[in-house]
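For reference, the structure discussed in these notes is given below.
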Amino acid sequence: MADGDIPAAPPEQRIEQAAEAVRTMTQELADELRPRPGWMDRVSEITRKAPLQSLAVAFLIGVFLARR
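The opening residue of the sequence shown carries number 582 in the numbering used here; numbering runs sequentially from there.
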């Protein structure tokens, strides 16, 4: 037994625990550094999800602006 009555974990388990801790820290850091989505990001996302509807809306906006 190691210090105190706490058994030492096998090296593989310690490596896996350390790797998991690093994964968690990097994910948290990436979440903090990721820019907040703005209106352009939302428009881009909607365009990717529904390209035909977005094209129709863009056409109608173009027609509206052309008639002004």
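For every residue, glycine included, the Cβ atom is placed at its ideal position computed from N, Cα and C.
Anyone know if the C-beta pair for residue i and residue j falls short of 9 Å?
i: Gln-598; j: Ala-611; result: no
i: Pro-618; j: Glu-626; result: yes
Between which two residues does the alpha helix (DSSP H) holding residue i run?
i: Gly-643; result: 632 to 648
i: Ala-599; result: 592 to 614
Whose C-alpha, out of the options, is nearest the C-alpha of residue i?
i: Val-624; options: Leu-636, Arg-615, Glu-613; result: Leu-636
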